[in-house]
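> Starting off with a structure, shown below.
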Amino acid sequence: MKINLAKSSGFCFGVRKAITIALENAKSRKPIFMLGDIVHNEEVVKQIQKAGIKKINRLGKGAEKTLLIRAHGCSKKTLQKALKSGYTIIDATCPMVKEIHKIASRLEKAGYRIIIIGDKLHDEVQGIAGQLKSKAVIIDGLKNMPIGEIKKIRRAGVVVQSTQNLDNVLKILKVLRKYIPHVEFHNTICNPTRLKQNEVKAMPEENDVMIIIGSKTSANTKRIYEISKPLNKNSYWIDSAEKIEKGWLKNAKKIGITAGASTPQATINEVIQKIKVIPS
Ligand code: SF4
Numbered sequence: 316m317k318i319n320l321a322k323s324s325g326f327c328f329g330v331r332k333a334i335t336i337a338l339e340n341a342k343s344r345k346p347i348f349m350l351g352d353i354v355h356n357e358e359v360v361k362q363i364q365k366a367g368i369k370k371i372n373r374l375g376k377g378a379e380k381t382l383l384i385r386a387h388g389c390s391k392k393t394l395q396k397a398l399k400s401g402y403t404i405i406d407a408t409c410p411m412v413k414e415i416h417k418i419a420s421r422l423e424k425a426g427y428r429i430i431i432i433g434d435k436l437h438d439e440v441q442g443i444a445g446q447l448k449s450k451a452v453i454i455d456g457l458k459n460m461p462i463g464e465i466k467k468i469r470r471a472g473v474v475v476q477s478t479q480n481l482d483n484v485l486k487i488l489k490v491l492r493k494y495i496p497h498v499e500f501h502n503t504i505c506n507p508t509r510l511k512q513n514e515v516k517a518m519p520e521e522n523d524v525m526i527i528i529g530s531k532t533s534a535n536t537k538r539i540y541e542i543s544k545p546l547n548k549n550s551y552w553i554d555s556a557e558k559i560e561k562g563w564l565k566n567a568k569k570i571g572i573t574a575g576a577s578t579p580q581a582t583i584n585e586v587i588q589k590i591k592v593i594p595s
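Using this note's numbering, the first residue of the sequence shown is number 316, and each one after it goes up by one.
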């Protein structure tokens, strides 16, 4: 049995940077709080909490406290509220996400109505929408497009959640262009996501089984799985080695493995070790 591990599997630079910032600050400053999960992976969150950073779901009184802003970023309102409450801010927002904030704000200032293609409830999308003065139109799929609202827009500035699937985005864009006379499109899917998605377009056909590792809350892992599954029905999305079922690997000669941007190397290694001892 041959195991083929995707070159792009595991942490992207944005996640790695956010974890490094968190752990370095945990050594020198206390107390530190993170609003929600720093990245969408339970093991990483546990590691950060073990280092002494507490997770909170809402802001409290911030005097003499430090607030860590997660890799997905946050809205302007949250940031202002945190500062007003007295928190010292450590910003671990990924530079690629900050870039989307800048583009969306610039387009809004130039008079465009902002459309965000992304998962409505995802922190990153909420953070992008939260940079704007006016309400953004958020589109999460071809099926849910608010056509009535779209028809009223004359000039649209379109940005994309960093982990979206480009093929889906282009389909949505085509519909937008049909109804909106002027569309300024910025493909803000980040490079690590593009690399991961490109690799997973080839791997399912080159392998008998595809194992995709990442938390069930990870948007980028979900996209990888969504690309892989139609190309190879033996595609499985797991969050840990324990979830592997022996039957999946029966008669398989080549196993392709990839992992989302917030999946730790330790989890990937555990999966590889487990596969190696399962008889095919
Ligand atoms: S997936 Fe992309 S945008 Fe998100 S943290 Fe990683 S590099 Fe940044």
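Positions of the beta carbon are idealized from the N, C-alpha and C atoms, including for glycine.
1. Across which residues does DSSP place Val354 in a beta bridge pair?
2. Grab the span of the alpha helix (DSSP H) containing Thr478 for me, first residue to last.
3. Using the rule of at least 16 other Cβ atoms within 10 Å of the residue's Cβ for burial, across every protein chain shown, is Thr335 buried or exposed?
4. Are the beta-carbon atoms belonging to Ala270 and Phe326 less than 8 Å from one another?
5. Using the Cα positions of Asp523 and Glu585, report the straight-line distance between them to the nearest angstrom.
6. Assuming Pro579 contacts Val359 under a Cβ cut-off of 8 Å, what Cβ separation, rounded to an integer in Å, is found between them?
7. Look at the alpha carbon of Val475 and the alpha carbon of Pro594, and state the distance between them as a whole number of angstroms.
8. Have a look at Lys342 and Ala366 and give me their C-alpha separation to the nearest angstrom.
9. Taking only three categories from DSSP, how would you classify Glu541?
10. Considering only the alpha carbon of each residue, which of Lys565, Asn340, Gln479, Tyr494 lies closest to Gly463?
11. Is DSSP giving Glu339 helix, strand or coil here?
12. Can you check whether the CB of Glu499 is closer than 8 Å to the CB of Ala471?
13. Quick check on DSSP: helix, strand or coil for Asn549?
14. Under DSSP, the alpha helix (DSSP H) around Gly562 begins and ends at which residues?
15. Going by DSSP in three states, Leu488 sits in which element: helix, strand or coil?
16. By a C-beta neighbour count over all protein chains shown, 10 Å radius and 16 as the cutoff for buried, is Lys380 buried or exposed?
17. Please classify Gly426 as buried or exposed, where buried requires at least 16 other C-beta atoms within 10 Å of its C-beta.
18. I want to see whether chain B comes within less than 8 Å of Ala386, judged by CB atoms only; does it?
19. For Val484, which residues from the same chain have a beta carbon less than 6 Å from its beta carbon, with the 5 sequence-adjacent residues on both sides left out?
20. Would you say the region 399 to 409 touches the region 448 to 461, given that touching needs at least three Cβ pairs under 8 Å?
21. Using the C-alpha atoms, what's the distance from Lys369 back to Val330?
22. Kindly examine the ligand SF4 and report whether one of its heavy atoms sits closer than 7 Å to the Cβ of Gly329.
23. Who are the Cβ neighbours of Ile363 in its own chain at under 6 Å, not counting the five residues just before and after it?
24. Within the present structure, is the beta-carbon of Pro507 separated from the nearest heavy atom of the ligand SF4 by less than 7 Å?
Reading from the atomic positions:
1. Taking the sequence shown and counting its residues from 1, the one referred to as residue 354 is at position 39. When DSSP reads this structure, Val354 sits in no beta bridge, so it has no partner.
2. For this step, residue 478 is matched to residue 163 along the sequence shown. That residue, Thr478, is in no alpha helix (DSSP H); it is neither H nor E in DSSP.
3. One-based indexing of the sequence shown puts residue 335 at position 20. Answer is exposed; the Cβ neighbour count stays below 16.
4. Residue 270 lies beyond the range of the chain shown here (316 to 595); nothing can be said about it.
5. Here the question's residue 523 lines up with position 208 in the sequence shown. Here the question's residue 585 lines up with position 270 in the sequence shown. Asp523 and Glu585: Cα-Cα distance of roughly 20 Å.
6. In the sequence shown, counting from the first residue as 1, residue 579 sits at position 264. In the sequence shown, counting from the first residue as 1, residue 359 sits at position 44. Distance from Pro579 to Val359 at the Cβ level is roughly 6 Å; contact confirmed, criterion being Cβ atoms closer than 8 Å.
7. One-based indexing of the sequence shown puts residue 475 at position 160. One-based indexing of the sequence shown puts residue 594 at position 279. If I take the Cα positions, the gap works out to 43 Å.
8. By one-based count along the sequence shown, residue 342 stands at place 27. By one-based count along the sequence shown, residue 366 stands at place 51. Near 8 Å, if we compare the C-alpha coordinates of Ala366 and Lys342.
9. Your numbering for residue 541 matches position 226 in the sequence shown. Reduced to three states, the DSSP call for Glu541 is helix.
10. Residue numbering aside, residue 463 sits at position 148 when the sequence shown is read from its first letter. Minimum Cα distance to Gly463 is reached at Tyr494.
11. If you number the sequence shown from 1, residue 339 lands on position 24. When DSSP states are grouped into helix, strand and coil, Glu339 belongs to the helix group.
12. By 1-based counting over the sequence shown, the position of residue 471 is 156. By 1-based counting over the sequence shown, the position of residue 499 is 184. The criterion of a C-beta distance shorter than 8 Å is satisfied by Ala471 and Glu499.
13. Here residue 549 is taken as the residue at index 234 of the sequence shown, counted from 1. Look at Asn549 here: in three-state DSSP terms it is coil, with no helix or strand label.
14. For the purposes of this step, residue 562 is taken as the residue at position 247 of the sequence shown. First-last for Gly562: undefined, no H or E at that position.
15. Reading the sequence shown from its first residue, position 173 is the one you call residue 488. Three-state DSSP puts Leu488 in a helix.
16. Numbered from 1 along the sequence shown, position 65 holds the residue referred to as residue 380. The residue is buried, with at least 16 neighbouring Cβ atoms inside 10 Å.
17. Position 111 of the sequence shown, counting from 1, holds the residue named residue 426. Classification for Gly426: exposed.
18. Chain labels in this structure do not include chain B; a single protein chain is all it has.
19. Locating residue 484 in the sequence shown gives position 169, where the first residue counts as 1. Excluding positions up to five away in sequence, the list reads Ile432, Val475.
20. The region 399 to 409 is not in contact with the region 448 to 461.
21. Sequence index remark: in the sequence shown, residue 330 carries index 15 (1-based). Sequence index remark: in the sequence shown, residue 369 carries index 54 (1-based). Just so you know, the alpha carbons of Val330 and Lys369 end up roughly 18 Å apart.
22. Residue mapping note: residue 329 aligns to position 14 of the sequence shown, counting from 1. True, at least one ligand heavy atom lies under 7 Å from that Cβ.
23. Counted from its first residue, the sequence shown places residue 363 at position 48. Only Ala337, Ile353 meet the Cβ criterion.
24. Numbered from its first residue, the sequence shown carries residue 507 at position 192. Look at Pro507: its beta carbon is less than 7 Å from one of the heavy atoms in the ligand SF4.
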